[in-house]
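So the sequence shown is numbered by numbering that gives the first Met the number 0: it starts at 0 and just counts up by one.
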Amino acid sequence: MENTGALNTELFETDDEIASLINDDLERQNSHIHLIASENFASKAVMQASGSILTNKYSEGFPGKRYYEGCETVDEIEQLAIDRACKLFEADHANVQPHSGSSANMAVYLNLLEAGDTVMGMALDQGGHLTHGSPVNFSGRIYNFVGYGLDQDTELIDMDKVKQLAEETKPKLLIAGYSSYSQNLDYAAFREIADSVGAYFMVDAAHFIGLVAGKAVENPMKYADVVTATTHKALRGPRGGIILSTEEFAKGVDKNIFPGAQGGALNNQIAAKAVCFKEALSTEFQDYTKQILKNASALSDSFINEGLRVVSGGTANHIVLVDTGSVDEELTGKDAGTLLNDMGITLNRNAIPFDKRSPFVTSGIRMGTPATTTCGMKEEELTKVGNLISEILKNRSDENKLNELKSEVSNLASQFQPYV
Ligand code: DSN
Numbered sequence: 000m001e002n003t004g005a006l007n008t009e010l011f012e013t014d015d016e017i018a019s020l021i022n023d024d025l026e027r028q029n030s031h032i033h034l035i036a037s038e039n040f041a042s043k044a045v046m047q048a049s050g051s052i053l054t055n056k057y058s059e060g061f062p063g064k065r066y067y068e069g070c071e072t073v074d075e076i077e078q079l080a081i082d083r084a085c086k087l088f089e090a091d092h093a094n095v096q097p098h099s100g101s102s103a104n105m106a107v108y109l110n111l112l113e114a115g116d117t118v119m120g121m122a123l124d125q126g127g128h129l130t131h132g133s134p135v136n137f138s139g140r141i142y143n144f145v146g147y148g149l150d151q152d153t154e155l156i157d158m159d160k161v162k163q164l165a166e167e168t169k170p171k172l173l174i175a176g177y178s179s180y181s182q183n184l185d186y187a188a189f190r191e192i193a194d195s196v197g198a199y200f201m202v203d204a205a206h207f208i209g210l211v212a213g214k215a216v217e218n219p220m221k222y223a224d225v226v227t228a229t230t231h232k233a234l235r236g237p238r239g240g241i242i243l244s245t246e247e248f249a250k251g252v253d254k255n256i257f258p259g260a261q262g263g264a265l266n267n268q269i270a271a272k273a274v275c276f277k278e279a280l281s282t283e284f285q286d287y288t289k290q291i292l293k294n295a296s297a298l299s300d301s302f303i304n305e306g307l308r309v310v311s312g313g314t315a316n317h318i319v320l321v322d323t324g325s326v327d328e329e330l331t332g333k334d335a336g337t338l339l340n341d342m343g344i345t346l347n348r349n350a351i352p353f354d355k356r357s358p359f360v361t362s363g364i365r366m367g368t369p370a371t372t373t374c375g376m377k378e379e380e381l382t383k384v385g386n387l388i389s390e391i392l393k394n395r396s397d398e399n400k401l402n403e404l405k406s407e408v409s410n411l412a413s414q415f416q417p418y419v
C-alpha cells in the first residue's frame, strides 16, 4: 500500500502527547499480525477525506433539504455517496449518515417498531450482536427481543427452529446477521419465515457488507426490506454506518436517522464513505474480497490440521472461531488472546456457542482475514499464521520456544505492513 500513515508536523506542534501516542499505534499496527474480524486498514485516500475540512460543516437534513445555509458542496458529496452506495449494493435507497452500525440499527427499529414490540434476532452468546437484543443495550431494554441460536451438534443456525420460534412469538421484525458466525445465511428461508408471520425482514450485514460489495457472497438486498451495515470492516472504509432499503422504507429510514436518532451528519465521514464506495466498485476490490475468503479457509484448515477445534466445522466467510478448550480445557479465550497479543498477533477472545464461561473470559478466540488480506497475505501466509497461533498456545509454558515463535511472528509481520 502507498500509505505511510505518517502525521503532519502541525499535530506535533500543537499536541505532542497525542501525536506521539498516534505514532505508538502506527508502530503497533505496522508490527503486529491483525486478525480482529471487524477491523481493517483504510486507504490513505479514505483517511484524507475523513481528516478533511468537511468536519467544519453543519448540515442537518438531507441533500436539497437542509436546516443550514452553505450546504451546496456537502449536498453534492452526500448525493455522490448515496448514488455510489445504491450502485454498489443494487439498492433503491441508501442513507449514508449513520455514525455507526448501532445508530443504523436504532433508526431502523424506530422506523419499524413501537416500544415493547417483539423482535427476533440471533442471541449475542450464540454469535449475534449487542444491538440484537442484549439486555444491557437499548435494543433489549426497549423492545421484546427473542433470541434464536445454533444447533448444539452442528453449530449452524437451525432454520426449522427459527421458524418454530417465529410461529410461537410472532415477531414484528426478524433480523438475520451476526458478529461471530462463520457460515453463510439462508436469506430466502429467513424471508419466507418473516412473510409467514407477517414480520419485516432486516439483515444486519455489518460484518460482511464488504464481501457483498466485492460480490464474493450473495447480496442480502435481494431479500430484505432493510439492510444495515458498517463501512469500516471488510468494506475498508471509514468508521461509520449505512442503511440500504427498498423504496417503500426510504422515507421512514431517513426520518428516523434525522431527526429520529441523530443530529448533524458527519460530512467528513460521508465523503470518506463515498471514496470507499468508489474503491469498492473496482475489480481489484472484487479480487480482494475473494482472497479474504480463500485466506479464511486456509486459516481454518491450518487449525484443523493442528488438531484445534474450529466452531461449526470451518468457515464460509471471513471469520474463524476456535475453541480454546481444544488446546487444553484450562485455556480460556482471555488468556489465549492476551498471550497472542504479547506475541504480536492481535485477535479477540470470543464466546463459543453454549460457552460455560462469562463473556469477559470465554472459551474461544475469534479471527477474521480482511486486515491481513489488505496487507497482501495469501493462503500460504494464513496457513503459517494458523500454525504459529497453534504452536504458541500449545507451548505457552515454554519460554524459549515462545521467544523463537515471537521472532517468527515479527518477521512475518514485517513483510506485510499496512502503512509503509
Ligand atoms: N463489535 C463488533 C465486532 O467486533 O464484531 C461488531 O460491531
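Each residue gets a CB set at the ideal place from its N, CA and C atoms; glycine is no exception.
It should be emphasised that the depicted structure is a prediction, and the values quoted were computed from it without experimental measurement.
For residue i: DSSP bridge partner residues
i: Ile269; result: None, per the DSSP bridge assignment.
i: His92; result: Ser244
i: Thr117; result: Asn143
i: Arg83; result: In DSSP, Arg83 forms no bridge with anything.
i: Asn316; result: Asn316 is not bridged to any residue.
i: Leu173; result: Met119, Phe200
i: Gly367; result: Ile318
i: Gly60; result: Arg65
i: Thr345; result: His33
i: Thr229; result: Gly240
i: Ile76; result: Ile76 pairs with nothing; no bridge assigned.
Selected residue, minimal CA-CA separation from residue i, among the options
i: Tyr180; options: Val408, Asn218, Asn349, Leu111; result: Asn349
i: Ala204; options: Thr13, Arg27, Ile174, Asn394; result: Ile174
i: Arg140; options: Asp354, Asp157, Val118, Thr72; result: Val118
i: Leu243; options: Arg235, Asn267, Asn266, Val211; result: Val211
i: Gly375; options: Leu20, Phe207, Glu283; result: Glu283
i: Ile388; options: Ala187, Phe137, Asp322, Leu155; result: Asp322
i: Glu407; options: Ala271, Val384, Lys333; result: Val384
i: His49; options: Asn347, Ala271, Phe353; result: The sequence shown places Ser at residue 49, not His. Measuring from the Cα of Ser49, the nearest candidate turns out to be Ala271.
i: Lys277; options: Leu298, Ile81, Gly336, Ala193; result: Ile81
i: Val45; options: Val135, Asp23, Gln268; result: Gln268
i: Asp327; options: Cys275, Lys214, Arg190, Lys393; result: Lys393
i: Pro219; options: Leu87, Ser396, Arg27, Arg395; result: Leu87
i: Val73; options: Ala84, His33, Ala198, Thr54; result: Thr54
i: Lys250; options: Glu68, Ala93, Ser413; result: Ala93
i: Leu265; options: Ile241, Thr245, Lys254; result: Ile241
i: Ala422; options: Leu10, Phe144, Gly100; result: No information on residue 422 is available, as it lies outside the stretch 0 to 419 that the chain covers here.
i: Thr153; options: Asn386, Pro417, Gly312, Ile344; result: Gly312
i: Ser102; options: Leu184, Val252, Ser178; result: Val252
i: Ala41; options: Asn22, Thr373, Asn386, Glu379; result: Thr373
i: Gln163; options: Ser138, Gln182, Ser178, Phe189; result: Phe189
i: Glu246; options: Ile52, Arg395, Phe11, Lys221; result: Lys221
i: Asp354; options: Gln151, Arg83, Lys64, Gly132; result: Gln151
i: Lys377; options: Ser396, Met158, Asp397, Gln414; result: Gln414
i: Leu280; options: Val419, Thr168, Ser138, Ala84; result: Ala84
i: Gln47; options: Glu398, Ala18, Pro237, Glu9; result: Pro237
Cβ-Cβ distance between residue i and residue j below 8 Å
i: Val202; j: Ala165; result: no
i: Arg235; j: Gly262; result: no
i: Gly148; j: Pro352; result: yes
i: Leu404; j: Met342; result: yes
i: Phe257; j: Val225; result: no
i: Gly146; j: Gly126; result: no
i: Pro500; j: Ala90; result: The displayed coordinates of the chain run from 0 to 419. Any statement about residue 500 would go beyond what the structure contains.
i: Ala454; j: Tyr199; result: No answer is possible for residue 454: it lies beyond the span of the chain, which begins at 0 and ends at 419.
i: Ala260; j: Leu109; result: yes
i: Ser296; j: Thr314; result: yes
Presumed contact (8 Å Cβ cut-off) between residue i and residue j, rounded CB distance
i: Leu346; j: Leu339; result: 6 Å
i: Leu172; j: Leu79; result: So it is not a contact: roughly 31 Å between Cβ atoms.
i: Phe302; j: Val319; result: 7 Å
i: Leu298; j: Thr368; result: 6 Å
i: Leu292; j: Ala215; result: 6 Å
i: Ile76; j: Thr371; result: Actually they are not in contact, since the Cβ atoms of Ile76 and Thr371 sit about 32 Å apart, beyond 8 Å.
i: Tyr142; j: Asp124; result: That pair is no contact at about 18 Å.
i: Gln28; j: Pro417; result: 6 Å
i: Phe207; j: Asn316; result: 6 Å
i: Thr227; j: Gly100; result: 6 Å
i: Tyr287; j: Gly239; result: At roughly 20 Å, the Cβ-Cβ gap does not stay under 8 Å, so Tyr287 and Gly239 are not in contact.
i: Ser58; j: Cys70; result: 5 Å
Contact test: residue i Cβ vs ligand 2 heavy atom, cutoff 7 Å
i: Gly100; result: Questions concerning ligand 2 fall outside what the structure shown contains, since the ligands it does hold are ligand 1.
So does the segment 37-44 actually touch the segment 216-232, counting three or more Cβ pairs closer than 8 Å? yes
Three-pair Cβ contact test at 8 Å for the segment 332-341 versus the segment 354-362: yes
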